[in-house]
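Peer 1: Here it is, the structure in full.
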Amino acid sequence: MKKVLAFIVAALMAGCAQNQNKEAAQLSQYSVEQLDDSEEITPIDTMEVRRRVAEIYDEVFALYNKSDEVADGALQMFNDMFLSREFRSLDSTLSARQASEVYPDYDHWIQGQDWQDLSYSIDTISTLPGSRAMVQLSIVNFGQPQALQLIMVKDDSLWMIDDFVTEFSEKQVVKELLEK
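The sequence shown begins at 7 in our numbering and counts up one residue at a time.
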């Protein structure tokens, strides 16, 4: 009985790992297709990017893990502090048009609406054209890991989030909504 149970657990774990790898590969393919590859790739300090992402998510998750509710003002504060100028501008324009009824109904910081025991890990960092970086991040919420890509860009000497990419590019969705 123990051998059968151990076999079932091992099979389930292998299936979960395979699904996560497949999901990460799909994310990479999607986001790379969306980037302008006509620009040159400039070497970046990946440790600087790693430190900045850790600084951002340590601060964001510290607030979320302290409370069952996070005020809209805190969300706006995080957007102002950690999103690129271009992304903030697009988001503000969309909000001004009152398009929230068609905007994804979730919190991009936690990739969901609700949260419990949030944590994250930085998996990989890649250099992209135009002095940008792609960070593969795993966000754990309710004990479930979810793959997320952050597209990072340097704004005034600080690395800022220029896009959140899961099965779609949040920035691209905002652009498409504004074109309507």
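Heads up, the beta-carbon is just placed ideally off N, CA and C, and yes, glycines get one too.
All of these numbers come straight from a predicted model, not from anything done at the bench.
Around the Cβ of N71, are there at least 16 other Cβ atoms within 10 angstroms (buried) or fewer (exposed)?
Peer 2: Within the sequence shown, the letter at position 65 stands for residue 71. So N71 ends up on the exposed side.
Peer 1: For G149, which of helix, strand or coil comes out of DSSP?
Peer 2: Mapped onto the sequence shown, residue 149 falls at position 143. Coil at G149, not helix or strand.
Peer 1: Since F88 contacts I62 with CB under 8 Å, what's their CB separation in whole angstroms?
Peer 2: Taking the first residue of the sequence shown as position 1, residue 88 is located at position 82. Taking the first residue of the sequence shown as position 1, residue 62 is located at position 56. About 5 Å; that satisfies the 8 Å criterion.
Peer 1: Rounded to a whole number of angstroms, what is the C-alpha to C-alpha distance between K181 and S175?
Peer 2: Position 175 of the sequence shown holds residue 181. Position 169 of the sequence shown holds residue 175. Each residue's Cα considered, the two are about 10 Å apart.
Peer 1: Can you have a look at G64 and say buried or exposed, based on whether 16 or more other CB atoms are within 10 angstroms of its CB?
Peer 2: Counting from 1 along the sequence shown, the entry for residue 64 is found at position 58. Correcting the residue type first, residue 64 is Asp in the shown sequence and not Gly. Per the 10 Å Cβ criterion, exposed.
Peer 1: Would DSSP call L124 helix, strand or coil?
Peer 2: Within the sequence shown, the letter at position 118 stands for residue 124. DSSP places L124 in coil when its eight states are reduced to three.
Peer 1: Do V59 and V171 count as a contact pair if the criterion is CB distance below 9 Å?
Peer 2: Numbered from its first residue, the sequence shown carries residue 171 at position 165. Numbered from its first residue, the sequence shown carries residue 59 at position 53. No. Outside cutoff.
Peer 1: What are the boundary residues of the alpha helix (DSSP H) that F67 is part of?
Peer 2: Along the sequence shown, one-based indexing puts residue 67 at 61. Here the alpha helix (DSSP H) through F67 covers T52 to K72.
Peer 1: Check whether the Cβ atoms of I128 and R56 lie closer than 9 Å to each other.
Peer 2: Here residue 128 corresponds to residue number 122 of the sequence shown, with the count starting at 1. Here residue 56 corresponds to residue number 50 of the sequence shown, with the count starting at 1. Yes, Cβ-Cβ distance for I128 and R56 is below 9 Å.
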